[in-house]
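For reference, each letter of the sequence shown is one residue, going -33 to -1, 1 to 154 in mature numbering (1 follows the signal peptide of the UniProt record, and there is no 0).
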Amino acid sequence: MPMQKPSRTGLPLLAGLALALAGVMAPAPQVLAANVVFEQQSAAPSDNRPAVGRCAAPSRARGQIAQLVKLINAERRARGLPALRPSAKLERVAHAHACDNAAQGGYSHVGSDGSDLGQRLRRGGYKLRMAAENTGWGFDTPEKAMNFWMHSPHHRDNILAAGATEIGVGLADGARPAWVINFARPR
């Protein structure tokens, strides 16, 4: 399945930005509009499996992921929200989707196997009450990714989702770094 191109919310912004910066700067990181927070009722596992689900994490991943979680929790605390707890299951699912995006040479909230966030979380054994996802492509530091997401209303809403209690971040290398953040609340 080909990677989705930016559409809906992000297309006018990206098109205007591309025209304004054409020939002036290196390509900007691409980010698909944030996956909307949803309530998940069904726990039925998907029979689909990702085409790509494993790849070696870059050597810098542990430090960059820890820094991104620190930045996210600082933004939440500044607004009176509790810090998110790291979840190994959310991290494994986020990393697998980051690997999938990196292998596909792009970014998407839809896996190469057609899976959505809820399907990937259930497949990873995470029983959820709610979940949201931010994806990013091309950010070489957590600070650059966070700056973009905090200036994008839907991504910021996911970061500051009052219903989220846990976080998992995945980072994979392809032509450019692929980031995936899963925000969730377990059942």
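Ideal Cβ positions, reconstructed from N, Cα and C, are used throughout, including at glycine. Quantities reported herein were computed from a predicted structural model and do not represent experimental measurements.
Whether N114 touches I134 by CB criterion (8 Å):
No, Cβ-Cβ distance for N114 and I134 is not below 8 Å.
Under the DSSP definition of a beta bridge, which residues are partnered with L95?
Paired residues: P153.
Taking Cβ to Cβ, would you say P109 is nearer than 8 Å to L38?
Going by C-beta atoms, P109 is nearer than 8 Å to L38.
Mapping the DSSP letters down to three states, classify E133 as helix, strand or coil.
Three-state DSSP puts E133 in a strand.
Beta-ladder partner(s) of T102, from DSSP:
DSSP output for T102 lists V147 as bridge partner(s).
Run the CB neighbour count on R44, radius 10 Å, all protein chains shown included, and call it buried at 16 or more, exposed below.
Label assigned to R44: exposed.
Determine, using beta-carbon pairs with one atom in the region 113 to 132 and one in the region 58 to 65, whether at least three such pairs fall under 8 Å.
No contact exists between the region 113 to 132 and the region 58 to 65.
Nearest neighbour of I126, chosen from Q86, G73, Q34 and L51 [CA to CA]:
Comparing Cα positions, the closest option is L51.
So, with DSSP's three-state summary, where would you put A61?
Residue state, collapsed to three classes: helix.
To the nearest angstrom, report how far apart A129 and L48 are at their CA atoms.
The straight-line gap from Cα to Cα measures roughly 7 Å.
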